[in-house]
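Chains as they are written, first to last, in our numbering: chain A, 655 to 969; chain B, 5 to 437; chain C, 427 to 837.
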Amino acid sequence: MLELIVISTLNGVLFGMLLFLMASGLTVIFSMLGVLNFAHASFYMLGAFFGFQISRWFGFWPALLVAPLLAGAIGAGVERYGLRRVHKNGHVAELLFTFGLAFVIEEVVQIIWGKGPVDFRIPPSLDFPAFTIFSTNYPAYKMFMLLVSIAIFVGLLIVLKRTRIGLIVQAALTHPHMVGHLGHNVGRIFMLVFGVGTALAAVAGVIAGPALVTQSNMAGLLGPILFVVVVVGGLGSLPGAFVASLLIGLVQTFAVSMNGSLSGAFGPLSPDYASTWLADIWSVTIAQIAPIVPYVLLVLILIFRPMGLLGTRET
Amino acid sequence: MSEIASTVAPPLPATSEKLKFYAIWMAAAIVLLLLPHIFSSGGSLTTFSLIGISIIFSLSYNILLGQTGMLSFGHAVYYGLGGFLVIHAINIIGANKLPIPLPVVPLIGGLTGLLFAALLGWVSTQRSGTAFAMISLGVAELIASSALILRTFFGGEAGVSANRTKLLKLFGWNFGPQIQIYYLVATWTLIAVIAMYALTRTPLGRMCNAVRDNPERVQFVGYNPHTVRYLAFCFSGFFAGIAGALAAINFEIANAAYLGAQQSGTVLFATYIGGIGFFIGPIVGAIFVTFLSLGLSDLTQVWQLYFGLIFIAVVLFAPGGITGLLMMHRPLVKAGTLPKVLPSYLAALVPTLAMIVGLVLAIETIVHYTVNPGDDSHIKAFGVNFDAASPYIWAMSVILLLAGFLVARKTWAWIGHAWDNATSVAREKGIAT
Amino acid sequence: MRKFMMAAAFALPMLGGAAMAQETLKIGYIDPLSGSGASIGEVGLKTFQFLADEVNAKGGIQGKKVEIVPLDNKTNPQESLIQAQKAIDAGVRYLTQGNGSSVAGALSDFVTKYNERNPGKEVLYFNYAAVDPVLTNAKCSFWHFRWDANSDIKMEALTNYMKATPAIKNVYLINQDYSFGESVRTAAKAMLAAKRPDIKIVGDELHPLLKITDFAPYIAKIKASGADTVVTGNWGQDFALLLKAAADAGLKVNWYTYYAGGTGGPTAIKQANLNHQVFQVGEGIPNLDHPSSQEFEKAIRAKYDFSLFYPRAVNEMRMLAAAADKAKSIDPVKVAAALEGMEVEVFDGGKGYMRKDDHQFFQPIYISSLGDRTEREPFDEEKTGWGWRLVAKIDTSATVLPTTCKMERPN
Numbered sequence: 655m656l657e658l659i660v661i662s663t664l665n666g667v668l669f670g671m672l673l674f675l676m677a678s679g680l681t682v683i684f685s686m687l688g689v690l691n692f693a694h695a696s697f698y699m700l701g702a703f704f705g706f707q708i709s710r711w712f713g714f715w716p717a718l719l720v721a722p723l724l725a726g727a728i729g730a731g732v733e734r735y736g737l738r739r740v741h742k743n744g745h746v747a748e749l750l751f752t753f754g755l756a757f758v759i760e761e762v763v764q765i766i767w768g769k770g771p772v773d774f775r776i777p778p779s780l781d782f783p784a785f786t787i788f789s790t791n792y793p794a795y796k797m798f799m800l801l802v803s804i805a806i807f808v809g810l811l812i813v814l815k816r817t818r819i820g821l822i823v824q825a826a827l828t829h830p831h832m833v834g835h836l837g838h839n840v841g842r843i844f845m846l847v848f849g850v851g852t853a854l855a856a857v858a859g860v861i862a863g864p865a866l867v868t869q870s871n872m873a874g875l876l877g878p879i880l881f882v883v884v885v886v887g888g889l890g891s892l893p894g895a896f897v898a899s900l901l902i903g904l905v906q907t908f909a910v911s912m913n914g915s916l917s918g919a920f921g922p923l924s925p926d927y928a929s930t931w932l933a934d935i936w937s938v939t940i941a942q943i944a945p946i947v948p949y950v951l952l953v954l955i956l957i958f959r960p961m962g963l964l965g966t967r968e969t
Numbered sequence: 005m006s007e008i009a010s011t012v013a014p015p016l017p018a019t020s021e022k023l024k025f026y027a028i029w030m031a032a033a034i035v036l037l038l039l040p041h042i043f044s045s046g047g048s049l050t051t052f053s054l055i056g057i058s059i060i061f062s063l064s065y066n067i068l069l070g071q072t073g074m075l076s077f078g079h080a081v082y083y084g085l086g087g088f089l090v091i092h093a094i095n096i097i098g099a100n101k102l103p104i105p106l107p108v109v110p111l112i113g114g115l116t117g118l119l120f121a122a123l124l125g126w127v128s129t130q131r132s133g134t135a136f137a138m139i140s141l142g143v144a145e146l147i148a149s150s151a152l153i154l155r156t157f158f159g160g161e162a163g164v165s166a167n168r169t170k171l172l173k174l175f176g177w178n179f180g181p182q183i184q185i186y187y188l189v190a191t192w193t194l195i196a197v198i199a200m201y202a203l204t205r206t207p208l209g210r211m212c213n214a215v216r217d218n219p220e221r222v223q224f225v226g227y228n229p230h231t232v233r234y235l236a237f238c239f240s241g242f243f244a245g246i247a248g249a250l251a252a253i254n255f256e257i258a259n260a261a262y263l264g265a266q267q268s269g270t271v272l273f274a275t276y277i278g279g280i281g282f283f284i285g286p287i288v289g290a291i292f293v294t295f296l297s298l299g300l301s302d303l304t305q306v307w308q309l310y311f312g313l314i315f316i317a318v319v320l321f322a323p324g325g326i327t328g329l330l331m332m333h334r335p336l337v338k339a340g341t342l343p344k345v346l347p348s349y350l351a352a353l354v355p356t357l358a359m360i361v362g363l364v365l366a367i368e369t370i371v372h373y374t375v376n377p378g379d380d381s382h383i384k385a386f387g388v389n390f391d392a393a394s395p396y397i398w399a400m401s402v403i404l405l406l407a408g409f410l411v412a413r414k415t416w417a418w419i420g421h422a423w424d425n426a427t428s429v430a431r432e433k434g435i436a437t
Numbered sequence: 427m428r429k430f431m432m433a434a435a436f437a438l439p440m441l442g443g444a445a446m447a448q449e450t451l452k453i454g455y456i457d458p459l460s461g462s463g464a465s466i467g468e469v470g471l472k473t474f475q476f477l478a479d480e481v482n483a484k485g486g487i488q489g490k491k492v493e494i495v496p497l498d499n500k501t502n503p504q505e506s507l508i509q510a511q512k513a514i515d516a517g518v519r520y521l522t523q524g525n526g527s528s529v530a531g532a533l534s535d536f537v538t539k540y541n542e543r544n545p546g547k548e549v550l551y552f553n554y555a556a557v558d559p560v561l562t563n564a565k566c567s568f569w570h571f572r573w574d575a576n577s578d579i580k581m582e583a584l585t586n587y588m589k590a591t592p593a594i595k596n597v598y599l600i601n602q603d604y605s606f607g608e609s610v611r612t613a614a615k616a617m618l619a620a621k622r623p624d625i626k627i628v629g630d631e632l633h634p635l636l637k638i639t640d641f642a643p644y645i646a647k648i649k650a651s652g653a654d655t656v657v658t659g660n661w662g663q664d665f666a667l668l669l670k671a672a673a674d675a676g677l678k679v680n681w682y683t684y685y686a687g688g689t690g691g692p693t694a695i696k697q698a699n700l701n702h703q704v705f706q707v708g709e710g711i712p713n714l715d716h717p718s719s720q721e722f723e724k725a726i727r728a729k730y731d732f733s734l735f736y737p738r739a740v741n742e743m744r745m746l747a748a749a750a751d752k753a754k755s756i757d758p759v760k761v762a763a764a765l766e767g768m769e770v771e772v773f774d775g776g777k778g779y780m781r782k783d784d785h786q787f788f789q790p791i792y793i794s795s796l797g798d799r800t801e802r803e804p805f806d807e808e809k810t811g812w813g814w815r816l817v818a819k820i821d822t823s824a825t826v827l828p829t830t831c832k833m834e835r836p837n
């Protein structure tokens with residue numbers, strides 16, 4: 655039992671940090687540009703596939719460096735040539751553009767790399783058990799993932815709090831129009847933010863690729879959870895995104911390992927109800943509903959606290 | 005300066021306008037009646053039935069998107085729930101031999117859609133814009149996932165099936181053959197389209213437009229935007245339920261895919277590509293997208309890529325959709341200056357077509373190499389034979405793409421000039437603004 | 427050629443023209459050819475095309491060349507019905523499908539209703555891979571024939587093997603939460619309780635289908651339970667990720683699976699370094715000591731670079747040809763009458779027969795394990811170097827299960 659809790663906590667924190675890598679970029683983009691980038695998870699997927707291809711040719715460590723840069727460059731291009739043009743047609747058009755983009759990216763990935771999973775391996779230098787807790791080995795690669803995520807988080811914090819561009823971005827997070835009024839090259843900042851945001855998602859893809867299955871449906875699986883994180887955490891709030899990522903990561907991981915159900919707690923229903931919908935609800939376990947818990951959270955937050963847990967703005 | 009307020013009511017429409025208005029509806033009804041006599045195979049009847057269902061669904065979606073400005077990613081929920089309840093209803097009616105004939109059954113679907121929209125709508129419509137989109141996404145994912153948990157009602161991933169021929173016969177029809185289903189769908193489509201058009205002409209319809217354009221001002225005028233959105237949501241759910249019911253009757257099966265994200269995405273595509281600014285837009289979009297999704301997958305293996313590219317092109321270059329593009333020409337037609345722009349269109353046609361052909365060639369060749377490397381390199385795409393391994397083809401695709409793009413750019417500029425001229429003439433005549 | 431044919435077949439019947447004269451025997455292959463299921467759908471299509479070429483080289487069926495008409499259903503039941511209607515309009519009277527029991531159920535229902543409402547234009551549906559038992563039990567149909575052992579039959583074979591393996595003491599069940607996973611676990615529990623009451627079921631898990639990205643908590647639970655054997659019906663990424671997590675955590679158990687041989691499976695097993703610890707129950711493997719099937723395997727690998735995942739497709743095509751010969755016609759009603767009850771020599775040796783009561787095909791079932799090879803295993807899988815080794819052969823008679831089918835026959 656204790657083993658389960660410890661492992662689940664470790665895994666939950668890890669998953670949460672991975673989510674944060676992606677959600678940080680998405681939150682900043684959402685707060686500054688006002689557009690919820692549907693294609694954000696697609697950049698995560700591009701990062702994984704670029705990482706896979708580059709690691710096939712040059713090795714894992716060059717891939718870790720080059721793949722995010724490539725994905726970030728594509729992101730900047732998308733902002734400059736696509737989003738900026740659509741901006742004048744309103745938020746709906748921007749959302750739809752990113753929606754179509756996500757679709758097309760998935761198709762292109764399928765064409766180039768196929769529809770099945772690709773063999774993205776953990777680099778041999780990291781392929782050993784880091785420590786043994788109770789009787790389970792915890793892989794070193796997962797510790798590496800944790801370290802990279804924390805390093806990036808710290809780096810992001812430093813950049814935001816200590817550099818000039820970071821201050822501008824912080825300002826734009828809460829008062830985007832004012833920043834424009836103050837004379838900063840808003841277009842260039844937007845492009846930079848979009849590029850860095852997507853590069854961060856790509857980093858998450860490169861390091862998550864070997865651990866999870868690298869396949870063309872990656873984006874579709876993780877995409878909706880990402881939105882939940884951003885909305886729950888709150889607009890304009892990076893700490894909110896951090897808290898929400900950890901929360902959702904832990905909730906999902908723990909929920910999956912719990913077998914509790916109403917029938918377990920209160921005993922089985924009488925057989926008269928056996929073939930009705932009540933029986934379904936009675937016997938469903940928490941593990942089975944684990945994937946929909948984030949959406950329940952999303953709907954509740956949007957109804958009762960639309961600015962999110964730590965958000966500072968509503969729109 | 006004229007008076008600010010007039011003391012006389014605006015004149016009633018002239019008889020000729022009234023005739024024109026009703027003539028359109030009569031013509032539509034006649035076309036629907038005659039269609040199956042021209043195209044009578046089973047496949048085309050199924051296609052028409054699907055188009056009819058898609059028209060109702062897209063129009064219901066446009067009540068939200070085009071008229072009230074609410075972008076929903078989960079509209080398929082009401083479609084799907086309507087479909088499921090109708091399947092269960094058909095099973096119950098058939099088992100108990102209730103005197104309810106099949107043509108009345110879509111109403112049950114509509115009422116289901118209305119019920120769930122009323123239940124979920126109040127909290128969903130509290131805000132609009134991105135927050136509403138997110139709520140709709142969350143609710144849709146919730147319900148779609150619950151469909152796999154509540155197995156008894158939703159039947160798991162196999163879904164629930166019914167036999168539509170077991171109901172009370174109407175005029176000797178048992179609704180087994182596809183032609184009878186076509187007529188059922190066609191009748192309901194006509195009724196639904198008339199109803200939804202009538203809705204746009206009511207004060208509620210106008211207030212929906214107002215809420216879309218300026219919700220704050222609506223509050224000042226004395227209406228609650230939340231209530232208006234909620235009512236639009238309910239109507240939209242009602243008609244979506246009718247569409248879902250007809251789909252369930254057509255396929256005699258309802259499964260979790262009815263509620264899923266893909267179904268919501270398809271209706272979004274169809275409505276947006278057709279054009280959200282005009283009533284007829286979603287109709288055009290529904291027809292276009294249904295044909296595309298049925299026929300494109302036979303012509304090329306990567307039809308989804310083309311789908312996505314078309315969607316992005318519409319979002320980037322033609323945000324008004326197909327009807328938006330066509331309707332842009334209305335002032336020119338009225339001013340009689342359309343012939344001014346036509347030559348530039350013709351001139352642009354060739355290089356633009358060349359560019360597109362080059363792109364398609366490039367895509368299909370790449371697909372051959374990455375997806376089917378072991379196959380014979382003589383492939384056929386869009387009905388045209390070519391050899392994907394020949395360097396001649398690669399060169400041609402690159403040339404067509406680049407040269408086509410460069411030449412096309414010039415012709416597009418020419419179109420712009422021609423438009424400027426034509427519009428200024430129309431402006432002088434007082435037709436365009 | 428096929429793409430043009432389909433385009434024409436779509437356009438021409440719109441004008442209600444009569445179906446073209448039957449110079450070929452068309453078989454409509456309805457499976458995903460785009461989207462996430464496409465990798466499996468393409469494999470099936472190429473297998474059938476290979477088989478059609480083989481039959482045509484021998485003169486076709488009743489003098490007619492066999493033509494496979496590919497129809498993309500995007501793994502969607504509604505789309506499958508649309509494609510079926512399109513196919514029927516284009517003159518197809520034999521449909522085959524395998525990926526997804528939900529699609530299979532919809533197709534079987536559609537074909538039954540169509541044949542009832544259109545006498546004289548009957549269509550047959552050959553199911554080569556959809557294993558939901560209900561298709562040959564409560565929802566059976568005279569027009570549906572199944573060549574894959576359904577999931578209950580496979581579990582019967584597997585539990586007969588487990589009956590004779592005393593080393594198995596604690597069994598953990600983990601499956602996907604949908605109809606197939608449910609039937610695997612229900613059948614496993616019932617059959618194990620009957621044949622080996624001493625075996626303890628130490629865990630019974632259902633996880634959401636294709637949604638889990640990290641199976642570590644499940645592996646932790648398996649470890650905590652003290653199981654020595656895991657029985658799972660998982661396929662696709664659910665299988666690959668499960669094994670990955672097991673390898674990461676150093677879990678040492680034996681895995682009894684249905685679909686370890688599916689696309690990506692052998693790669694995952696090799697990556698997880700589980701040598702001869704993953705077993706599969708199926709109707710054949712390439713490394714059986716049977717010359718003619720090994721010849722076939724070599725030929726199909728040379729042409730398409732994948733291993734034969736569907737020996738049952740071979741049985742299906744060969745039996746179709748035999749039934750047409752027996753009925754001296756390609757009319758679906760006569761072929762169906764000839765098919766039911768037919769006994770054949772199965773593709774990789776042994777006797778099989780199509781049971782008349784429910785149109786379920788019974789054949790020898792094999793338990794095999796993936797691992798390093800000896801000279802007796804000439805074929806490897808997915809270029810991993812590892813191949814399937816025969817562990818046990820369950821004879822046809824030991825796989826037979828009763829049926830609840832009450833088939834309505836045409837008269």
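Heads up, the beta-carbon is just placed ideally off N, CA and C, and yes, glycines get one too.
Given the structure is predicted, the values throughout are model-derived calculations rather than measurements.
Pair within 8 angstroms by beta-carbon distance, residue i and residue j
i, j, result
"Ala261/B", "Asn502/C", "yes"
"Asn563/C", "Val529/C", "no"
"Gly340/B", "Gly84/B", "no"
"Ser20/B", "Ala274/B", "no"
"Leu669/C", "Ile695/C", "yes"
"Val850/A", "Gly965/A", "no"
"Ile902/A", "Leu673/A", "yes"
Spatial distance of residue i from residue j (CA atoms)
i, j, result
"Glu766/C", "Trp814/C", "32 angstroms"
"Ala877/A", "Ala483/C", "In the sequence as displayed, the identity of residue 877/A is Gly instead of Ala. When rounded, the distance between both Cα atoms is 50 angstroms."
"Met671/A", "Ser662/A", "14 angstroms"
"Leu320/B", "Leu880/A", "25 angstroms"
Cβ neighbour criterion (16 or more within 10 Å) applied to residue i
i, result
"Thr830/C", "exposed"
"Asp751/C", "exposed"
"Ala447/C", "Reliability fails at Ala447/C, whose pLDDT of 44 lies under 50, so the model's placement of it is uncertain and the value that follows must be treated cautiously. The residue in question, Ala447/C, is exposed, as its Cβ has fewer than 16 Cβ neighbours within 10 Å."
Cβ-based neighbour list, residue i, same chain, cut-off 8 angstroms, excluding 5 preceding and 5 following
i, result
"Leu749/A", "Val689, Leu690, Phe692"
C-beta neighbour in chain A for residue i, strict 8 angstroms
i, result
"Asp674/C", "yes"
"Ile638/C", "yes"
"Ala447/C", "Legend: pLDDT at Ala447/C = 44, less than 50; position of this residue unreliable, value from coordinates given subsequently. Not closer than 8 angstroms to any Cβ of chain A, the Cβ of Ala447/C fails to qualify, so no."
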